[in-house]
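Taking it in order: structure first as structure tokens, then the write-up.
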């Protein structure tokens, strides 16, 4: 369950947070993934995200962080829909 801070409109999510995919995907083993467990990144992970963004691009850096957090592989993450990407990014924002 998420809370909205009424003073500044920021949504605060619990951590860890089980995000329910709008469009479930099949992982590399053929197993349906319908939710993913998101964790608050550490400062070191945020730093790594920043460095990877400079080296590669923002999307590749984000997918790498997401793979490390969820234990899903990049090919599975690549199957996720844009609405799910948006929902996941809101958690991390």
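In my numbering, the protein residues as written are 1 to 93. Quick reminder that beta carbons are idealized off the backbone N, C-alpha and C, glycines included.
Residue 92 carries a helical assignment under DSSP once its states are collapsed to helix, strand and coil. From the listed residues 40, 92, 73, 93, the smallest Cα separation to residue 25 is found for 73. Here residue 84 has 21, 22 as same chain residues with Cβ atoms under 6 Å from its own Cβ, once five neighbours each way along the sequence are excluded.
In terms of CA proximity to residue 13, 37 leads the group 57, 77, 37, 27.
The Cβ-Cβ distance between residue 19 and residue 77 does not fall below 8 Å.
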